[in-house]
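To keep things clear, I will list the structure first and then write my remarks on it.
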């Protein structure tokens, strides 16, 4: 009922947009005049250089020149921004100033599209907010806000926020069509059309179709030939209506569908002496040897870093989402503006993939330990494979948001303010459901048909529903104490609630007779809560024999997994605030000092019984900044910021060791286990010489340190016997390099206007060494240097056509972006690599401009 009311309310708002519309202020984010860069970092339009926030801005031309397609591309050009690509570039999570997001935790960086947080993506391998593949199409600009933004943007912005601002409909009939081709059989078509149907009613349509083969080549026949491919469609419809001279309604509908083979990592390390491991583990010995065999095959072929062996027929990653955004702006008086922003969106993920990108076979060492396995030596051996429960999705979540703002200023202009309230309801559309095949040849796990080459196998079956309620009230104001000195203060109070439900069980297989494998046990995963009165495990069904794929025989006929139901609630209420003092030294120079409180909500995951819930993380941030603009013969800007952050109740991921009789496998546990500090500095500078040469430099220095790390105590009845630290006091954060430098040069050739505008550009990016995983020998990444080039010829011979070429990672540097964490438990590790050299050419036709 609640979803129906929400949808009805949104549709009513959309319908009213068709009645008529108020003129909007044109936003020019071009770089010809740096003083004209307009940003919305404080929820109102302001000059970039007048905002006491460290911000990096890219307009659509910058995005096109740099071939920014996904989040990981944006991070390449923004020194303080990085991404975690553990599950591939399409599901990357942002990190700013070292604030990383671990799996299942709330994001540290808010991602906003047209002033609305991205659709919540919960479940599968994703957590956080998503704007969808293709969302960088036809944007007015992208703004990267650094540091806590909790007063005006709410929770989960301890690191900062990324704002995607779409191009707004205008009064001109204009548009463009662009085609690209490139290596890896890349084909991309983008188009936009702006139609002023009336003086008060304007429409803009944009589409993007992008397809490229993967750069990870697979050497296993019958499985996808490549991984890390691109294949998406994106569409957007924007409607701007002037209902009266003082009332504007702006509606956006955007849709994204990506259907790829998913990601693949490369196995790079194995334990060559598994029998010498301190603790004996049969499975670790077997998989160590199997991984070494795979590495030996890779070496024998002379494979490079982009060659993999993945045996998983039908592997795929399917992501779909849409979002409707309706913004109504009413100029109530000369001093008050009322703004209402409402949205509804849905996200759905379905996936089937091999977690560690393996092609294992039963090694001879297995038979040496257990002679009964001699007949199956050389038989295929599955490690861990994730799949979806038939009829369900790994993740299917809806998100409704409603925000009301009052923006105003005093009659004398000395005081301006923004106050408002925010509501967010995110609901599962059904059970988020998956099956994970472990140690058996389950092809796929969803079919419940498993071979047992080692004599045993497990399928873990989970069904999860997680509902989120996030509410907040906020206010922020700036008082101009003098013509040069201004004081800004803001506060927000946030109410968060998470309700999680799960039905989670595991099927244990063993070989039996000529009919094939048999389920010898079907128990609940949560052995802490779901057990019989005498403490024994709940038996969901009698032994079941599987004669063939999808066929079930025997059992008690009920198979009632509802016996494994668990419900948990996690609530938190926290204030966030900001106090800023800025002083205008000259009309072109401002200094500021700021103190802000950040807050990241707690969360829950059902994979660790008794350790499912953790609390919020808090941050006190202190920042000093300088913003300077140049005019005259060499226009430009120079901005610098220094910051210090204190983190308490830090959300830290630890490892877990289950008790031998628990039936659980080890996994990651999130706990409020730490205190930490971060300090550093950022520089953003740009200068244009002779109206033809633009130089831009960005640099970030980052120093992170864990100050305290205390593992939570395990209760006596916990199914875990030990928690394993993943960090320690004195160590830096993972994926947080100390130094990142980006330098760009763009030169416009001095040609006659009749020829068109021709420019060439280059961007160099240096990233110092960093640690991805302290518990892996592969976990320290060496420094990397990337070079990107671009060529653009606009309006060729005044024809309306543009031609261009681009190349990223020109030197074809091999850059690892993440590493596995299975060496201790499974005896091997894999590495996920970033893109090799990508190049292409493009042709664009502009009309009506």
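Residue numbers (the working numbering): 107 to 955.
Backbone N, C-alpha and C fix where the C-beta goes; we use that ideal spot for every residue, glycine too.
Specify the secondary structure class of residue i as computed by DSSP and reduced to three states.
| i | result |
| --- | --- |
| residue 204 | coil |
| residue 904 | helix |
| residue 211 | coil |
| residue 607 | strand |
| residue 197 | helix |
| residue 865 | strand |
| residue 404 | helix |
| residue 929 | helix |
| residue 819 | coil |
| residue 955 | coil |
| residue 154 | helix |
| residue 889 | coil |
| residue 540 | strand |
| residue 149 | coil |
| residue 306 | coil |
| residue 243 | coil |
| residue 742 | strand |
| residue 662 | In this prediction, residue 662 has a pLDDT of 43, which is less than 50 and means its spatial position is unreliable; what the coordinates show is noted afterwards. DSSP places residue 662 in coil when its eight states are reduced to three. |
Please work out which residues of its chain come closer than 6 Å, Cβ to Cβ, to residue i, disregarding the five sequence neighbours upstream and downstream, and give them in chain order.
| i | result |
| --- | --- |
| residue 896 | 171, 867, 912 |
| residue 358 | 220, 344, 431 |
| residue 174 | 180, 242 |
| residue 899 | 862, 864, 909 |
| residue 314 | 240, 243, 296, 340 |
| residue 269 | 218, 249 |
| residue 787 | 748, 807 |
| residue 445 | 435, 511 |
| residue 699 | 687, 730 |
| residue 918 | 942, 943 |
In angstroms, rounded to a whole number, what distance separates the CA positions of residue i and residue j?
| i | j | result |
| --- | --- | --- |
| residue 987 | residue 569 | Outside the displayed span of the chain (107 to 955) sits residue 987, for which this structure offers no information. |
| residue 935 | residue 387 | 17 Å |
| residue 921 | residue 161 | 27 Å |
| residue 877 | residue 372 | 18 Å |
| residue 850 | residue 869 | 4 Å |
| residue 732 | residue 206 | 26 Å |
| residue 448 | residue 150 | 17 Å |
| residue 312 | residue 341 | 6 Å |
| residue 361 | residue 704 | 32 Å |
| residue 397 | residue 374 | 9 Å |
| residue 673 | residue 710 | 11 Å |
| residue 369 | residue 529 | 35 Å |
| residue 781 | residue 159 | 25 Å |
| residue 808 | residue 891 | 18 Å |
| residue 712 | residue 820 | 16 Å |
| residue 884 | residue 937 | 8 Å |
| residue 129 | residue 278 | For residue 129, the predicted model reports a pLDDT of 28, less than 50, meaning its position is unreliable; a value from the coordinates is still stated below. Approximately 13 Å between the Cα atoms of the pair. |
| residue 783 | residue 183 | 25 Å |
| residue 566 | residue 428 | 31 Å |
| residue 665 | residue 646 | 6 Å |
| residue 491 | residue 550 | 8 Å |
According to the neighbour-count rule (16 or more other Cβ atoms, all chains shown, within 10 Å of its Cβ), is residue i buried or exposed?
| i | result |
| --- | --- |
| residue 348 | buried |
| residue 148 | buried |
| residue 472 | buried |
| residue 592 | buried |
| residue 354 | buried |
| residue 406 | exposed |
| residue 351 | exposed |
| residue 290 | buried |
| residue 955 | exposed |
| residue 196 | buried |
| residue 214 | buried |
| residue 421 | buried |
Looking only at DSSP bridge pairs, what is residue i linked to?
| i | result |
| --- | --- |
| residue 712 | Looking at the DSSP assignment, residue 712 forms no beta bridge with any residue, so it has no partner. |
| residue 988 | Residue 988 lies beyond the stretch modelled for the chain, which goes from 107 to 955, so this question has no answer here. |
| residue 218 | 223, 269 |
| residue 896 | 867, 912 |
For a test of your reading of the model: does the CB of residue i fall under 7 Å from any non-hydrogen atom of the ligand ADP? Yes or no.
| i | result |
| --- | --- |
| residue 642 | The ligand ADP is not part of this structure, which contains no ligands at all. |
For residue i, collect the residues of the same chain with a Cβ closer than 8 Å to its Cβ; drop the 5 residues on either side in sequence, then sort them by chain order.
| i | result |
| --- | --- |
| residue 675 | 603, 604, 605, 606 |
| residue 559 | 468, 479, 482, 485, 486, 487, 546, 547 |
Excluding five sequence neighbours on each side, which residues of the same chain lie with their C-beta closer than 7 Å to the C-beta of residue i?
| i | result |
| --- | --- |
| residue 951 | 282, 283, 906, 907 |
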